[in-house]
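Input: a single structure, listed below in structure tokens.
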Amino acid sequence: MTYVVLDDLSTFGGVDGAVVAVLTEAGLAEVEACSDFKAVDICSKEHVEALVTLDELLDAYNQVHGTDL
Numbered sequence: 003m004t005y006v007v008l009d010d011l012s013t014f015g016g017v018d019g020a021v022v023a024v025l026t027e028a029g030l031a032e033v034e035a036c037s038d039f040k041a042v043d044i045c046s047k048e049h050v051e052a053l054v055t056l057d058e059l060l061d062a063y064n065q066v067h068g069t070d071l
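Here the sequence shown is numbered in the numbering used here, starting from 3 and rising by one per residue.
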């Protein structure tokens, strides 16, 4: 099982399908205005510059480090 640990050390499990989103200024403004990521249209180039799944990040890490996480 993959866990995500946030900067405040809170832990979330079951992150299948989770993504890291790189927001535009407009996307960040939407999150700040609503205090909720659900306000951001993740398919909109106006709000999101890039999306990377945690699985993709782990695959890249494994390729670089020769591991199988």
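Even for Gly, the Cβ is constructed at its ideal location relative to N, Cα and C. Quick caveat: nothing in here was measured; it's all calculated off a predicted structure.
The three-state reading of DSSP puts Leu71 in coil, since its state is none of H, G, I, E or B. When secondary structure is reduced to three states using DSSP, Ala20 falls in the coil class, being assigned neither helix nor strand.
Residue burial annotation: Glu32 is buried, with at least 16 other C-beta atoms found within 10 angstroms of its C-beta.
Glu34 and Ala28 have their C-alpha atoms spaced approximately 10 angstroms apart.
The beta carbon of Val42 sits closer than 8 angstroms to those of Ala23, Leu25, Gly29, Glu32, Val33, His49 and Val50, all from its chain and outside the five residues before and after it, given in chain order.
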